[in-house]
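**Q** Submitted below is the structure of interest, expressed as structure tokens.
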Amino acid sequence: AASVEAEVAALGAAGASVEAELGALGAAGASLVVELGGLVCTCATLVLVLTALAFARGVRSTHTNIHYSDASYL
1 AASVEAEVAA LGAAGASVEA ELGALGAAGA SLVVELGGLV CTCATLVLVL TALAFARGVR
61 STHTNIHYSD ASYL
């Protein structure tokens with residue numbers, strides 16, 4: 001009977017170890033989600049900056065074209 005109790009206790013310990021492993025995997029998964037979220041934010045910021053630069057360049061070239069057209073009227 002003692003050996004059966006020892007077996008059950010060992011199985012219980014193994015179960016707890018598996019639960020701890022799964023908990024660690026869950027924490028790693030949450031960390032990965034946070035990393036991916038940060039990456040998405042970085043990409044979105046980069047897209048916004050590039051869009052702003054392209055818009056500024058477009059405005060500048062339009063402004064220059066207006067000056068050239070004014071000069072051609074003179």
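Here the sequence shown stands for residues 1 to 74, where the numbers follow UniProt numbering. Quick reminder that beta carbons are idealized off the backbone N, C-alpha and C, glycines included. As the structure is a prediction and not an experimental result, all values here were calculated from the model.
Rounded to whole angstroms, what is the Cα-Cα separation between residue 33 and residue 18?
**A** Each residue's Cα considered, the two are about 22 Å apart.
**Q** To the nearest angstrom, how far is the alpha carbon of residue 6 from that of residue 20?
**A** The alpha-carbon atoms of residue 6 and residue 20 are separated by roughly 21 Å.
**Q** Rounded to the nearest angstrom, what separates residue 23 and residue 42 at their Cα positions?
**A** Near 29 Å, if we compare the C-alpha coordinates of residue 42 and residue 23.
**Q** Could you have a look at residue 1 and say whether DSSP puts it in helix, strand or coil?
**A** It is coil, neither helix nor strand.
**Q** Roughly how many angstroms lie between the CA atoms of residue 30 and residue 57, to the nearest whole one?
**A** Going by the C-alpha atoms only, they are around 41 Å apart.
**Q** Residue 1 to residue 13, Cα distance in whole Å?
**A** Answer to the nearest angstrom: the Cα atoms are 18 Å apart.
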